[in-house]
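Protein chains: 2
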Amino acid sequence: MRNLHHPRVDELTLPDVLHALSDPVRLQIVRTLAEREEMSCSSVEASVSKSTLSHHFKVLREAGVTHTRVNGTHRLVSLRLDELEERFPGLLEPVLEASRAESRRAAAA
Amino acid sequence: MRNLHHPRVDELTLPDVLHALSDPVRLQIVRTLAEREEMSCSSVEASVSKSTLSHHFKVLREAGVTHTRVNGTHRLVSLRLDELEERFPGLLEPVLEASRAESRRAAAA
DNA sequence: TCGAAGCTTCGGCATCCGTCGAACCTCTCA
DNA sequence: TGAGAGGTTCGACGGATGCCGAAGCTTCGA
Numbered sequence: 000m001r002n003l004h005h006p007r008v009d010e011l012t013l014p015d016v017l018h019a020l021s022d023p024v025r026l027q028i029v030r031t032l033a034e035r036e037e038m039s040c041s042s043v044e045a046s047v048s049k050s051t052l053s054h055h056f057k058v059l060r061e062a063g064v065t066h067t068r069v070n071g072t073h074r075l076v077s078l079r080l081d082e083l084e085e086r087f088p089g090l091l092e093p094v095l096e097a098s099r100a101e102s103r104r105a106a107a108a
Numbered sequence: 000m001r002n003l004h005h006p007r008v009d010e011l012t013l014p015d016v017l018h019a020l021s022d023p024v025r026l027q028i029v030r031t032l033a034e035r036e037e038m039s040c041s042s043v044e045a046s047v048s049k050s051t052l053s054h055h056f057k058v059l060r061e062a063g064v065t066h067t068r069v070n071g072t073h074r075l076v077s078l079r080l081d082e083l084e085e086r087f088p089g090l091l092e093p094v095l096e097a098s099r100a101e102s103r104r105a106a107a108a
């Protein structure tokens, strides 16, 4: 895959972004991403197959939540923090915080 | 329908809430609700049928975003603002703001 | 140059979602 | 008490979604 499609910041829509964030696996990815700046697809710990993970990365990228760049044999994924903040101010942080809280909750249970 | 089910605040989950907010029609409902405190189901201007609207109200209610009380022949729906804020601090306001901006955008186009 | 690492794509499957119209329920009021 | 207003439920339909394993594509390194 040569050309990775990334929507422009003015093409992002709220429903698409919220939908991208409404899946537990994707939320986990985003949470991890928020702690690491940039990461390869394979460094997510999720209980789904490689192809499913790839699918989730695609959904996040096409909704405009993440950016993916190719580096040798692997892809490096990062959050489009600044652009998200520009287009939907204040949106991501509470989601991340709530997601962390929910993850702690699950760990405690 | 006698017993409307409303999840307790500690039963709300982030994916459910985000999913409930990821549909344009539901976003419009929530936006309207944010301006009016309480409203009846029929006072939404949406280009979908009555049954579809009813479905969307149900999704919002079951995700914990709204509260519905019966008053005579109609239902009065309101946002569960305080509880949402308690469970997911800071989440709703940016969503509302982004949704308003998107709606203005659409109106300008 | 060939093998392996790292992803994506494909095909398929079961489930969910948004949508509609028709039928139904319940409360109010004439 | 019966008609109507305001919603919900039902059944159906087409399309999207999440999931998987197998196969394919690229790039690096031996």
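The listed protein sequences correspond, in order, to chains G and W.
Reading the first sequence from the start, the letters are residues 0 to 108 in numbering that gives the first Met the number 0.
Reading the second sequence from the start, the letters are residues 0 to 108 in numbering that gives the first Met the number 0.
The beta-carbon is built from N, C-alpha and C at its ideal position, and this holds for glycine as well.
Residue i burial status per 10 Å Cβ neighbour count (16 or more: buried)
i      : result
G/E101 : buried
G/R25  : buried
W/S98  : buried
W/L3   : exposed
G/A108 : exposed
G/R79  : buried
W/R68  : exposed
W/T65  : buried
Rounded straight-line distance, which links the Cα of residue j to that of residue i
i      : j      : result
W/L11  : W/G63  : 6 angstroms
W/L17  : G/L17  : 6 angstroms
G/V47  : G/S53  : 10 angstroms
W/V76  : G/L20  : 26 angstroms
W/E34  : G/N70  : 48 angstroms
W/E61  : W/H55  : 10 angstroms
G/R103 : W/M38  : 36 angstroms
G/V29  : W/T72  : 45 angstroms
G/E44  : W/A106 : 43 angstroms
W/K57  : W/E96  : 23 angstroms
G/K49  : G/T31  : 17 angstroms
W/D15  : W/S41  : 24 angstroms
W/R74  : W/H5   : 14 angstroms
W/M0   : W/T51  : For W/M0, the predicted structure reports a pLDDT of 47, less than 50, and the residue's modelled location is therefore unreliable. A value from the coordinates is still provided. If you take the alpha carbons of W/M0 and W/T51, they lie about 17 angstroms apart.
G/L90  : W/L90  : 7 angstroms
G/Q27  : W/E36  : 34 angstroms
W/L59  : G/L13  : 17 angstroms
First through last residue of the alpha helix (DSSP H) which encompasses residue i
i      : result
G/R103 : L91 to A107
W/V64  : Unbroken run through W/V64: none, as it is neither H nor E.
W/L17  : L13 to A19
Assumed close pair residue i, residue j - CB separation to whole angstroms, cut-off 8 angstroms
i     : j     : result
W/P93 : G/F87 : 6 angstroms
W/V8  : W/E84 : Not a contact, Cβ separation roughly 10 angstroms.
Where residue i meets chain W, residues with beta-carbon distance less than 7 angstroms
i     : result
G/F87 : P93 and A97
Proximal chain W residues relative to residue i, where beta-carbon distance stays under 9 angstroms
i     : result
G/P12 : Sequence check: residue 12 of chain G is Thr here, not Pro. Chain W residues near G/T12: P23 and E101.
G/L26 : L13, P14 and L17
Where residue i meets chain G, residues with beta-carbon distance less than 8 angstroms
i     : result
W/L90 : P93, V94 and A97
Chain-ordered neighbours of residue i on chain W, where CB pairs are closer than 8 angstroms
i     : result
G/L83 : Those do not exist, as G/L83 stays about 10 angstroms from chain W at its closest Cβ, beyond 8 angstroms.
Span of the beta strand (DSSP E) around residue i
i     : result
W/L78 : H73 to L78
W/E37 : E37 to S39
Contact list for residue i against chain G, beta-carbon separation under 7 angstroms
i      : result
W/L142 : Since the first residue shown for chain W is 0 and the last is 108, residue 142 of chain W is missing from the structure and cannot be characterised.
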